[in-house]
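Report on one structure; see the data block that follows.
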Amino acid sequence: TWHLASILLSEDEKLVARHILMAHRVGSRLPRPKETAAALGLTVRSVHGALRMLARLDLIFMDDGRRAAHYSVSAGHERLLNGLGFSFHTVALDTGERFGIP
18 TWHLASILLS EDEKLVARHI LMAHRVGSRL PRPKETAAAL GLTVRSVHGA
68 LRMLARLDLI FMDDGRRAAH YSVSAGHERL LNGLGFSFHT VALDTGERFG
118 IP
């Protein structure tokens, strides 16, 4: 049974996901965390945290289960992108607090 669920990713997590998926889409080698951090202006620690969250969502697979240095895009990751509402958008609360990327 499927139930509707929403998972709000942090801005860093969305940036990292987009960066990885773009590299995967064009057939490039997936960037190492240090490369991703440099390309996106993030800390390596932030990239590692984003990779761990993306692994929990089964978007990526971390080859040794703990370290984010070696990862790949998960087989069947498309199910998160097509038809189940996995999207990158901004959420604005009534308080004015904003989450996501405009």
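With this note's numbering as the guide, the letters of the sequence shown map in order to residues 18 to 119.
Every residue, glycine too, gets a C-beta built ideally from N, C-alpha and C.
Leaving out the 5 sequence neighbours to the left and right, which residues in its chain are closer than 6 angstroms to residue i when beta-carbon positions are compared?
i	result
T112	none
M70	E30
A72	M79
S63	D29
L110	none
G100	In this prediction, G100 has a pLDDT of 43, which is less than 50 and means its spatial position is unreliable; nothing more can be read from the coordinates.
Looking at residue i: is its Cβ nearer than 8 angstroms to the Cβ of residue j?
i	j	result
L76	L32	no
A67	E114	no
H36	P48	yes
Nearest CA to the CA of residue i: which residue from the options?
i	options	result
S91	L57, P50, A34, E52	A34
E28	L74, S45, L57	L57
L26	H41, R46, L74	L74
CB-CB under 8 angstroms to residue i, same chain, minus the five flanking residues each way: which ones, in chain order?
i	result
D80	H87, Y88, S89
R46	A40
Which residues in the same chain as residue i place their Cβ atom closer than 7 angstroms to its Cβ, once the five residues preceding and following it in sequence are excluded?
i	result
V61	P50, K51, A54
G102	Note that G102 scores a pLDDT of 42, beneath 50, so its modelled location is shaky and nothing firm can be said.
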